[in-house]
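Chains as they are written, first to last, in the numbering used here: chain A, 21 to 335; chain B, 16 to 350.
Note that the Cβ used here is the ideal one computed from N, Cα and C, for glycine as well.
Input: a single structure, listed below in structure tokens.
The structure is reproduced here in structure tokens:
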């Protein structure tokens, strides 16, 4: 991901073309050396501050319930066990949450990306009359919104309450990815390609499908990720629009267990054991529910950076 | 593509396929005008217009209809008579909100929380990016970047749960650390005074690495010639950062700043809501959570809408205001 970031290589800057015999690195002045050490210390601190909480959670999730509830876990698992994971992965509520979240994320992302492209492509075309007015109307929604209740009333009037649609449709298109897509279509796809297609007699739709979209894979990946992350992580829409807990996405299930301390399910029998397990279960649950995002993250980070850059160009 | 020449309002013969740009002769301008241009464009690119209809319907239904629905802030909304049939109430609901003792609490909580979040989370990504930009060791640099970036992918629910677990008085990591230095364990989340710190610093923890990326990108675009010049002038690293790096990324900083100030009243509802408990409400109740409680839990739709509207308007005013100031000061704004 740092490919773009490290581009203007420092070494070439410090090299001296007039004296090829000299080593590339010019001797640092003492002030610079001290400064550089400071920079390393600062970055190491950043690194540890971010890493430590994550590490602590993971370590706790592998420790025995007794050690966790006695607060004996610090930087290494105490009495290694997979008990927490066993409970998490056999809990029906949690598994339903996982399944629902996968569905919402995949379906929601598909709907969102499709609608965003349908919006962005026409708005990116200079010969599309009315594009300025429509773009302004879309961007305006970023500045001003009706609010929670007025939106709720719309969802209610459409009969979407307590249906899966309530999580897929009301937030389907976001302005930021749309702007990103418009910018991409306008700047990264050469006009000549489209004109060539037109001369060959291809319709607008055909050009979009056969020429523009295949060339837009990186951008499509970026906006798909943006939507997928939001969808996977959201709980609030489910909280207000859904009553039926068989429709709950994972995040809402997590909130109920982790934050409201609701019972994780009736299948954990003994009350005492349950209480001890409860705190261990939380750690395991955090790890399990974060794994899907962490697995795809290294692969997507690069794309994501590129997407941010695209957005930044516009800003 | 077939050109039938139909329906150009009997005006100019349709310009031969030179698309939009072909200007009608001056005398014809009024006859053809904007309307004619639109009509021709629709006929020629009907597929594009067809394509754009569903997303526009989305914006109409889920963005603009709610804006119209916000009218119930000025009405005594009841389900039977509906949004438009309910009787007018004037400014009664706004008055009720302003007179409510909660008004001062939620408005100041919202404002202070956002301001604190803004001040704390604004400089750190910049510092992180500048520091990363100084490092040559690729592995170390990549590691720091990957690790600080990762929390962005963790959900708010999980971040809050982690905060609760880590800060829990008896068994959490925090009390273990303070215990190491001989300090007593504290129940941070039960104390109103700690709510803001927990909120803001968990936010910084989660987003600093992500926000740094945009500055790193800006730094990568700095003209190497500037560094050469600074070197010739005998600048040390710190001076180089101060005189080359910072000025180079100022436009980016300004844009990010405007955007953050614009959303100062739109403080992350979801997180505050999750971190709330009956003990810290005196500082954790913000406009958004209050709206939720009034609207969804108490079903007082008109009052909740009035509160939401009040918030939206302040937000808009702030954004527009900041943009004006930014334009004056730096010559750059969002629009």
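Separation of residue j from residue i, as counted between CA atoms
{"i": "residue 36/B", "j": "residue 72/B", "result": "Note that residue 36/B scores 48 on pLDDT, short of 50, meaning its location in the model is unreliable; the coordinates nonetheless yield the value given after this. In a straight line, the C-alpha of residue 36/B is about 29 angstroms away from that of residue 72/B."}
{"i": "residue 187/B", "j": "residue 219/B", "result": "20 angstroms"}
{"i": "residue 279/A", "j": "residue 176/B", "result": "6 angstroms"}
{"i": "residue 203/B", "j": "residue 77/A", "result": "18 angstroms"}
{"i": "residue 72/A", "j": "residue 270/A", "result": "25 angstroms"}
{"i": "residue 58/A", "j": "residue 239/A", "result": "38 angstroms"}
{"i": "residue 172/B", "j": "residue 313/A", "result": "14 angstroms"}
{"i": "residue 97/A", "j": "residue 303/A", "result": "12 angstroms"}
{"i": "residue 307/A", "j": "residue 214/B", "result": "21 angstroms"}
{"i": "residue 184/B", "j": "residue 149/B", "result": "40 angstroms"}
{"i": "residue 288/A", "j": "residue 119/A", "result": "Here residue 288/A scores only 46 on pLDDT, less than 50, and its place in the model should not be relied on; the value that follows carries that caveat. Approximately 21 angstroms, taken between the alpha carbons."}
{"i": "residue 112/A", "j": "residue 176/A", "result": "29 angstroms"}
{"i": "residue 44/B", "j": "residue 54/B", "result": "Residue placement at residue 44/B is flagged as unreliable, the pLDDT there being 47, under the threshold of 50; the coordinate-derived value follows with that caveat. Going from the Cα of residue 44/B to the Cα of residue 54/B covers about 14 angstroms."}
{"i": "residue 155/B", "j": "residue 297/B", "result": "43 angstroms"}
{"i": "residue 124/B", "j": "residue 275/B", "result": "17 angstroms"}
{"i": "residue 252/B", "j": "residue 264/B", "result": "17 angstroms"}
{"i": "residue 242/B", "j": "residue 292/B", "result": "52 angstroms"}
{"i": "residue 257/B", "j": "residue 182/B", "result": "38 angstroms"}
{"i": "residue 116/A", "j": "residue 109/A", "result": "11 angstroms"}
{"i": "residue 95/A", "j": "residue 85/A", "result": "16 angstroms"}
{"i": "residue 254/B", "j": "residue 54/A", "result": "14 angstroms"}
{"i": "residue 210/A", "j": "residue 157/A", "result": "27 angstroms"}
{"i": "residue 60/B", "j": "residue 130/A", "result": "25 angstroms"}
{"i": "residue 154/A", "j": "residue 98/B", "result": "27 angstroms"}
{"i": "residue 70/B", "j": "residue 127/A", "result": "16 angstroms"}
Check: residue i C-beta below 7 angstroms from any heavy atom of the ligand COA
{"i": "residue 313/A", "result": "Inclusion of the ligand COA in the displayed structure is not the case, the ligand content being empty and no account of it being possible."}
Interface flag, residue i vs chain A, CB-CB below 8 angstroms
{"i": "residue 103/B", "result": "no"}
{"i": "residue 111/B", "result": "no"}
{"i": "residue 52/B", "result": "yes"}
{"i": "residue 78/B", "result": "yes"}
{"i": "residue 342/B", "result": "no"}
{"i": "residue 19/B", "result": "With a pLDDT of only 38 at residue 19/B, under 50, the local geometry of the prediction cannot be trusted, and the value read off the model is given with reservation. For residue 19/B, the answer is no, since every Cβ of chain A falls outside 8 angstroms of its Cβ."}
{"i": "residue 201/B", "result": "no"}
{"i": "residue 293/B", "result": "no"}
{"i": "residue 73/B", "result": "yes"}
{"i": "residue 222/B", "result": "no"}
{"i": "residue 205/B", "result": "no"}
{"i": "residue 107/B", "result": "no"}
{"i": "residue 67/B", "result": "yes"}
{"i": "residue 60/B", "result": "yes"}
Whole-angstrom C-beta distance between residue j and residue i, which should lie under 8 angstroms
{"i": "residue 88/A", "j": "residue 300/A", "result": "5 angstroms"}
{"i": "residue 274/A", "j": "residue 305/A", "result": "7 angstroms"}
{"i": "residue 136/A", "j": "residue 201/A", "result": "6 angstroms"}
{"i": "residue 84/B", "j": "residue 163/A", "result": "Between residue 163/A and residue 84/B the Cβ distance is about 18 angstroms, and since that is not below 8 angstroms, they are no contact."}
{"i": "residue 144/A", "j": "residue 205/A", "result": "4 angstroms"}
{"i": "residue 224/A", "j": "residue 63/B", "result": "5 angstroms"}
{"i": "residue 69/A", "j": "residue 80/A", "result": "That belief does not hold up - the Cβ atoms of residue 69/A and residue 80/A are roughly 18 angstroms apart, past 8 angstroms."}
{"i": "residue 126/B", "j": "residue 325/B", "result": "Contact flag wrong, Cβ pair sits at about 13 angstroms."}
C-beta neighbour in chain B for residue i, strict 8 angstroms
{"i": "residue 253/A", "result": "yes"}
{"i": "residue 84/A", "result": "no"}
{"i": "residue 302/A", "result": "yes"}
{"i": "residue 205/A", "result": "no"}
{"i": "residue 211/A", "result": "no"}
{"i": "residue 310/A", "result": "yes"}
{"i": "residue 41/A", "result": "Note that residue 41/A has pLDDT 46, beneath the 50 cutoff, so the model's placement of it is unreliable and the number below is only indicative. Residue 41/A does not count as touching chain B."}
{"i": "residue 118/A", "result": "no"}
{"i": "residue 51/A", "result": "yes"}
{"i": "residue 225/A", "result": "yes"}
{"i": "residue 275/A", "result": "yes"}
{"i": "residue 91/A", "result": "yes"}
{"i": "residue 184/A", "result": "no"}
Every unbroken alpha helix (DSSP H) within the segment 100-188 of chain B, with a cutoff of 4 residues, ordered by chain: The segment 100-188 of chain B contains these whole alpha helix (DSSP H) runs: 107-114, 117-136, 138-149, 153-164 and 171-182.
4 or more residues per run - each alpha helix (DSSP H) lying fully within the segment 236-294 of chain B: Whole alpha helix (DSSP H) segments, 4+ residues: 239-247, 252-255, 261-277 and 284-290.
The segment 142-158 of chain B in contact with the segment 60-74 of chain A per 3-pair CB rule at 8 angstroms: Between the segment 142-158 of chain B and the segment 60-74 of chain A there are three or more inter-stretch CB-CB distances shorter than 8 angstroms, so the stretches are counted as touching.
Every unbroken alpha helix (DSSP H) inside the segment 79-110 of chain A [4 residues or more]: List check, alpha helix (DSSP H) in window: 85-89 and 103-110.
Contact between the segment 158-171 of chain A and the segment 224-234 of chain A (3+ Cβ pairs under 8 angstroms): As far as the Cβ criterion goes, the segment 158-171 of chain A does not touch the segment 224-234 of chain A, which means the pair count is below three.
Segment contact, 8 angstroms Cβ cut-off, at least three pairs: the segment 221-239 of chain B with the segment 156-164 of chain B: Per the Cβ contact rule, the segment 221-239 of chain B is in contact with the segment 156-164 of chain B (3 or more Cβ pairs under 8 angstroms).
Runs of alpha helix (DSSP H) lying entirely within the segment 177-241 of chain A, each at least 4 residues, in chain order: Counting whole runs of 4 or more residues, the segment 177-241 of chain A contains the alpha helix (DSSP H) stretches 185-188, 195-208, 211-219 and 224-227.
Three CB pairs or more closer than 8 angstroms across the segment 319-327 of chain B and the segment 94-112 of chain B: Counting C-beta pairs with one atom in each stretch, the segment 319-327 of chain B and the segment 94-112 of chain B have three or more that are closer than 8 angstroms, which means they touch.
Touch test, the segment 66-82 of chain B against the segment 183-202 of chain A, Cβ-Cβ under 8 angstroms, three pairs minimum: Judged by Cβ distances under 8 angstroms, the segment 66-82 of chain B makes contact with the segment 183-202 of chain A, as three or more pairs qualify.
Sufficient close CB pairs (3 or more, under 8 angstroms) joining the segment 193-212 of chain B to the segment 295-310 of chain B: These segments touch.
Runs of alpha helix (DSSP H) lying entirely within the segment 291-329 of chain B, each at least 4 residues, in chain order: Taken in chain order, the unbroken stretches of alpha helix (DSSP H) that lie wholly in the segment 291-329 of chain B and span 4 residues or more are 296-299 and 302-307.
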